[in-house]
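S.K.: Input: one structure, supplied below.
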Amino acid sequence: MKTGTITSSFESSSKTAETRPSPINKRKLTKNIVAIVAYLVGIKTDRLESLYGDDCQELLEQLDTEKSAKTIRILCQIRTTMLNKYWTVDRNLNNLNNIDNMPELFDNNDIKWLRSNGIEAVKVNTHLDSYIASINKHILDSIDQCRKQIPSWVRWDLIRELFLMPNCYASMPKGIKNDSLNKAKKRYWDHVTNYPFQTYMNWPVEMADHGNVLLNDEKFLTLLYAANKVDFVESGHVRDAVNVTKTNIYQFIESSDKTALIVDCENCDVFNLFSTLHNLSPQAISKLAKVILYDDSNTTPVWSLIGRFMRVPVEHLQINRVAQHKSLVDITMTAGVCREFFQSGTQSFILASSDSDFWGLVKALPEAEFLVLMEYSKCGSALKDAMSTSGVYYCAMDDFCKGNIEEFKEMAFRALLQEFIDNFNNSGIWANFNAEEIVDSIFESCRFTGSDKQVQSDKARYLNKYFKAFRFELVDEKTDTKKQKRLKMSLGI
């Protein structure tokens, strides 16, 4: 490797393999979900910046441009202020000072912003409980527009409930008690110091002292799911590679005039590679000269979809077998890398593979620079030691957060489901009426991975989302002898 190119997070390559400890899985806890929730529930801007600015600055800026998100944020801030300063606000209202005349408590610019966007937060001749009920109703009417902000792998129904105050939407005449509202206020006031920055949320159970429940995604979702008696199983979605790992990859790409990503599709998980690429800086990825996929007929068809998410040229090479028991991917990939180096002037290669066979390629091209993306479960310690001893930097695709993978997984699922639909439309025969078996076969073809609970959860979600969206229509079809009507199937989403 070039001197100074990589700031390795592993042990120095001058140590022997016998004395060098194995690399440790280094991952950080993500903050994407909690940054969104904290923004929506109305955590103050300075605290948002201190908690999430380093990790989610672009996300916070994007949320502030979203009308639906900003609407919920302002409404929640108004409600929290009414609860925290209840008697002060109540006294002002009794003195005929409305909330747009309480600048020390409510931002009049926010109230005007809501008005300009179709929501009138100010009520006249009303008491505070009725005011809170009115704000609750605005939140109830608007919260579902924020669903798009939350990734589909997160239970939206659990997130949604955090913003509501159930059965507290109807205004009551002054002097008439709303029992639901009184219970909600008491529940919050009794444990107000346990809420994040004393900000109101409709926590499913009595809020205990968990520290800041919005500290990171894993803590928040684990506690929220547990409070709803649900297991949180998507741990791979809330951990990401540490910054030094990403920096090393960026430095590797920057240090060369021409870098290519070479993918051994036989020995690389397509979803791990996707999550790795999409957790790296788009600016860094755009500097790749090309991506070359060396594929075999026995891998998943999902590889054909990778190019739709890449902004650099992608070559998908399907390597046909001569003998069915013998793949030719390794030898073809070796020849291809040599051709890229000697003919195309590519100086650096990122190899996505966990197969030890590629090591011969690395040793055969000492003039080239290599960085290896591997997977823990597929790469043995001997290969890792060989790479460390030779100064070849490697990192694990498993470490990168899977939280952004749903769009790609759904595209893969839909593509294979569409094949069933196309077969029906062409033949008029639906071969299998067992929807669960169809889902099972698609999952097997796509090679979706995860814990048993996570896979079963995904299967149930896809079954409900897509199979309930089937649509049938009668279409006219002409044959050589007659005109007939036939059923045509399509997806309604």
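If you're matching positions, the sequence shown starts at 778 in our numbering and goes up one per residue. Backbone N, C-alpha and C fix where the C-beta goes; we use that ideal spot for every residue, glycine too. The model shown is predicted, which means the values in this text are computed figures rather than measured ones.
1) Less than 9 Å between the C-beta atoms of Lys1064 and Ile1030, yes or no?
2) Could you check the C-alpha separation between Gly1113 and Asp1134 for me, to the nearest Å?
3) Tell me Lys808's beta-bridge partners as DSSP assigns them.
4) Just mark Leu1264 as buried or exposed, buried being the case when its beta carbon has 16 or more other beta carbons within 10 Å.
5) Exposed or buried, which one is Glu1250 when buried takes at least 16 other CB atoms within 10 Å?
6) Less than 9 Å between the C-beta atoms of Asp1046 and Val1015, yes or no?
7) Identify, in the order they occur along the chain, each residue of the same chain with its Cβ nearer than 7 Å to the Cβ of Gly819, setting aside the five sequence neighbours on each side.
8) Of the residues Gln1028, Asn979, Asn1025 and Gln1233, which one's Cα is nearest the Cα of Ala1004?
9) Lys1023: which of Lys1236, Phe1119, Ile1039 and Gln1060 sits nearest, CA to CA?
10) Counting beta carbon pairs with one atom in the segment 1212 to 1231 and one in the segment 1177 to 1191, are three or more of them shorter than 8 Å?
11) Tyr946 and Leu905: beta carbons closer than 9 Å?
12) Answer yes or no: do Pro1083 and Leu1057 have a C-beta to C-beta separation smaller than 9 Å?
13) Can you look up Val1068 in the DSSP assignment and give me helix, strand or coil?
14) Taking the alpha carbon of Phe1048 as the reference point, which residue from Asp1176, Arg1088 and Ile810 has its own alpha carbon closest?
15) Nearest-angstrom Cα distance between Cys1223 and Asp1073?
16) Tell me, to the nearest whole angstrom, how far the beta carbon of Arg937 is from that of Ile920; I am working on the premise that it is less than 8 Å.
17) For Leu1094, which residues in the same chain have their Cβ closer than 8 Å to its Cβ, ignoring the five residues on either side in sequence?
18) If contacts are defined as beta-carbon pairs under 8 Å, then Lys1186 and Val1010 qualify, I think. What distance do you get, rounded to the angstrom?
19) Would DSSP call Met778 helix, strand or coil?
20) Are Cys833 and Ala1018 close, meaning C-beta to C-beta below 9 Å?
21) Residues bridged to Cys1172 by DSSP?
22) Touching or not, the segment 1125 to 1134 and the segment 1086 to 1104, by the rule of three or more beta carbon pairs under 8 Å?
23) Here's a check: name, in chain order, each residue in its chain whose Cβ is nearer than 8 Å to the Cβ of Arg1098, leaving out the five neighbours to either side.
24) Report the three-state DSSP secondary structure of Gln1261 (helix, strand or coil).
25) I need the boundaries of the alpha helix (DSSP H) containing Ala1100, first residue and last residue.
26) Can you tell which of Lys805, His1055, Glu897 and Gly1013 has its C-alpha closest to the C-alpha of Phe1085?
M.R.: Looking at the atomic coordinates:
1) It is a contact, given that the beta carbons lie within the stated cut-off.
2) Going by the C-alpha atoms only, they are around 15 Å apart.
3) In the DSSP assignment, Lys808 forms no beta bridge with any residue.
4) It counts as exposed.
5) Exposed, because fewer than 16 other Cβ atoms sit within 10 Å of the Cβ of Glu1250.
6) Not a contact, by the Cβ cut-off of 9 Å.
7) Cβ neighbours of Gly819 beyond the five flanking positions: Arg850, Cys853, Gln854, Thr857 and Thr976.
8) For Ala1004, the nearest C-alpha among the options comes from Asn979.
9) Taking each of Lys1236, Phe1119, Ile1039 and Gln1060 in turn and checking the Cα distance to Lys1023, the smallest one comes out for Gln1060.
10) In short, these stretches touch, since the Cβ pair count reaches three.
11) Judged by beta-carbon spacing, Leu905 lies beyond the 9 Å limit of Tyr946, meaning their Cβ atoms are not closer than that value.
12) Reading the sequence as shown, one finds Ile at residue 1083 and not Pro. Result no, Cβ atoms of Ile1083 and Leu1057 do not sit closer than 9 Å.
13) The answer is strand: DSSP assigns Val1068 an E or B state.
14) Minimum Cα distance to Phe1048 is reached at Asp1176.
15) Taking the straight line joining both Cα atoms gives about 14 Å.
16) Yes, they are in contact, since the Cβ atoms of Arg937 and Ile920 sit about 6 Å apart, within 8 Å.
17) Close CB contacts of Leu1094 within its chain, under the 8 Å cut and outside five residues either way in sequence, are with Ile1069, Leu1070, Tyr1071, Asp1072, Thr1109 and Gly1113 (chain order).
18) 15 Å between Cβ atoms; not a contact.
19) Note that Met778 scores 39 on pLDDT, short of 50, meaning its location in the model is unreliable; the coordinates nonetheless yield the value given after this. The DSSP-derived three-state label of Met778 is coil.
20) Result no, Cβ atoms of Cys833 and Ala1018 do not sit closer than 9 Å.
21) In DSSP, Cys1172 forms a bridge with Leu1150.
22) Two segments are said to touch when three or more pairs of C-beta atoms, one from each, lie closer than 8 Å; by this definition the segment 1125 to 1134 does not touch the segment 1086 to 1104.
23) Around Arg1098: Asp1073, Ser1074, Ser1104 and Leu1105.
24) In the three-state DSSP reduction, Gln1261 falls in the strand class (E or B).
25) Here Ala1100 belongs to no alpha helix (DSSP H), and DSSP marks it neither H nor E.
26) The amino acid at residue 1085 is misidentified as Phe; the sequence shows Arg. Nearest to Arg1085 by alpha-carbon distance, out of Lys805, His1055, Glu897 and Gly1013, is His1055.
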